[in-house]
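> Pasting in a structure now, in structure tokens, and then I'll have a few things to ask.
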Amino acid sequence: MKTIDINCDLGEGIGNEEAIMPFISSANIACGYHAGDEKTIWNTVELCIKHKVAIGAHPSFLDRENFGRTEMNLDVADIYELITQQLVIMDEITVNLNTVFHYVKPHGALYNLSAKDKTIANTIARAVKDFNHELTLIGLSGSHSIKEAEKIGLKTCNEVFADRSYMDDGSLMPRSQTGAVIEDIDKAVQQALQLVNDGVVTTASRKKIKLKAETICLHGDGKYAIEFAKAIYGAFKKGKIAISPSRHLLLPLF
């Protein structure tokens, strides 16, 4: 039986966590730098515990105005510190709730920069490993994010997207381009099944490219986030695809 993790960006002030949580297996929780605050982190972690969903830190550039989706020119020392600060925030809250967080997935512009820039990818990976070498790093499938983390012995998880369009090089279509965000539920389900069952995705130019799919992302701020989560979860269950984060985690779930 095939197994896939379903992750979702949550704790971003949208308020749909309770509705989405039953249909995912991992939650990427905003650490307050692009969205959210200590209260939203706390509440989302409590929901993760209730639903037995893996807890992930979702660090970002300090950019609430642009939701962390605008590139910022920082040197590696600043990026290292940026990541560490947000992991500390997540750690303090999870410790107070007698649990741990299991993985790290950068957000927005920081995620995309890490995917294409080896130096930034290495910096993020080092920050995560130095904080806790048992954490898993989620990154864009086959990108520098994954490769640089693997070089230093960090556990990784290759991520693909149900609700984003792809370029021929395996990168995500920039959000500034028409069609970058998939809002058709049937299309998102079809892409999710294609990625998990066949290990390929059809790009914006209609080319089929191979991608390793270990976790699939849904954006919690998407227009139809709840509907997407239900539909993709249902399609995986119908297709006898197991939904679990456990094979990608070094730390025990709960």
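Sequential numbering from -13 applies to the sequence shown in this note's numbering.
We treat Cβ as the ideally placed atom computed from N, Cα and C, and that holds for glycine.
It should be emphasised that the depicted structure is a prediction, and the values quoted were computed from it without experimental measurement.
When we look at the beta-carbon of lysine 141 and count the other beta-carbons within 10 Å, is it buried (16 or more) or exposed?
On the sequence shown, position 155 is the one that residue 141 refers to. Its Cβ being crowded by 16 or more others within 10 Å, lysine 141 is buried.
> Should leucine 33 and glutamate -2 be called a contact, given that it needs their Cβ atoms to be closer than 8 Å?
Indexing the sequence shown from 1 puts residue 33 at position 47. Indexing the sequence shown from 1 puts residue -2 at position 12. Cβ distance not < 8 Å, so leucine 33 and glutamate -2 don't count as in contact.
> Counting only the same chain and skipping the five closest in sequence on each side, list residues whose C-beta sits under 8 Å from that of phenylalanine 240.
Sequence index remark: in the sequence shown, residue 240 carries index 254 (1-based). The residues are Ile35, Lys38 and Thr85.
> Report the residue from Ala148, Ala111, His88 and His119 whose alpha carbon sits nearest the alpha carbon of tyrosine 219.
Position 233 of the sequence shown holds residue 219. Comparing alpha carbon positions, the residue from Ala148, Ala111, His88 and His119 closest to tyrosine 219 is Ala148.
> Cα-Cα, which of Asp64, Phe53, Thr56 and Ile10 is closest to alanine 40?
Here the question's residue 40 lines up with position 54 in the sequence shown. When each option's Cα is compared against that of alanine 40, the closest is Ile10.
> Pick from Asp116, Gln177, Tyr19 and Leu158: whose alpha carbon is nearest that of leucine 68?
As a position in the sequence shown, residue 68 is number 82, starting the count at 1. Put simply, of Asp116, Gln177, Tyr19 and Leu158 the residue whose alpha carbon is nearest the alpha carbon of leucine 68 is Tyr19.
> Taking the DSSP output, what are the residues bridged to glycine 194?
Indexing the sequence shown from 1 puts residue 194 at position 208. Here residue 194 is lysine; the residue named in the question, glycine, does not match the sequence. Lysine 194 pairs with Thr188.
> So, with DSSP's three-state summary, where would you put glutamate 145?
Start at 1 with the first residue of the sequence shown, and residue 145 comes out as number 159. It is a strand residue.
> What does the alpha-carbon distance come out to for the pair glycine 156 and glycine 128?
Along the sequence shown, read from residue 1 onward, the residue named residue 156 stands at position 170. Along the sequence shown, read from residue 1 onward, the residue named residue 128 stands at position 142. One C-alpha to the other measures close to 8 Å.
> Per the contact definition of three or more C-beta pairs closer than 8 Å, is the region 80 to 95 in contact with the region 230 to 237?
In short, these stretches touch, since the Cβ pair count reaches three.
> Would you call the region 73 to 82 in contact with the region 223 to 231, where contact means no fewer than 3 C-beta pairs closer than 8 Å?
Too few Cβ pairs lie closer than 8 Å, so no.
> Do you know how far the Cα of alanine 166 is from the Cα of lysine -12?
For the purposes of this step, residue -12 is identified with residue 2 of the sequence shown, where counting begins at 1. For the purposes of this step, residue 166 is identified with residue 180 of the sequence shown, where counting begins at 1. For lysine -12 and alanine 166, the distance between alpha carbons rounds to 28 Å.
> Using a 10 Å radius around the Cβ and a threshold of 16 neighbouring Cβ atoms, would you call asparagine -7 buried or exposed?
Within the sequence shown, numbered from 1, the residue matching residue -7 stands at position 7. The residue in question, asparagine -7, is buried, as its Cβ has 16 or more Cβ neighbours within 10 Å.
> If you draw a straight line from the C-alpha of arginine 150 to the C-alpha of leucine 181, how long is it?
Along the sequence shown, one-based indexing puts residue 150 at 164. Along the sequence shown, one-based indexing puts residue 181 at 195. Using only the alpha carbons, I get a separation of about 12 Å.
> How many angstroms separate the CA atom of lysine 196 from the CA atom of lysine 173?
For the purposes of this step, residue 196 is taken as the residue at position 210 of the sequence shown. For the purposes of this step, residue 173 is taken as the residue at position 187 of the sequence shown. Here the alpha carbon of lysine 196 sits roughly 18 Å from the alpha carbon of lysine 173.
> Does asparagine 82 come out as helix, strand or coil in the three-state DSSP assignment?
Walking along the sequence shown from the start, residue 82 turns up at place 96. In the structure shown, asparagine 82 sits in a helix (DSSP, three-state: H, G or I).
> Just reading off the alpha helix (DSSP H) that alanine 95 is part of, what are its end residues?
For the purposes of this step, residue 95 is taken as the residue at position 109 of the sequence shown. DSSP places alanine 95 inside the alpha helix (DSSP H), whose first and last residues are 94 to 102.
> Sort Lys226, Ala16, Ala21 and Thr30 by Cα distance to alanine 5 and report the nearest one.
Translated into positions along the sequence shown, residue 5 becomes position 19. Closest option to alanine 5, Cα to Cα, is Thr30.
> Assuming alanine 111 and glutamate 145 are in contact, meaning their beta carbons sit under 8 Å apart, how far apart are those beta carbons, in whole angstroms?
Mapped onto the sequence shown, residue 111 falls at position 125. Mapped onto the sequence shown, residue 145 falls at position 159. So it is not a contact: roughly 15 Å between Cβ atoms.
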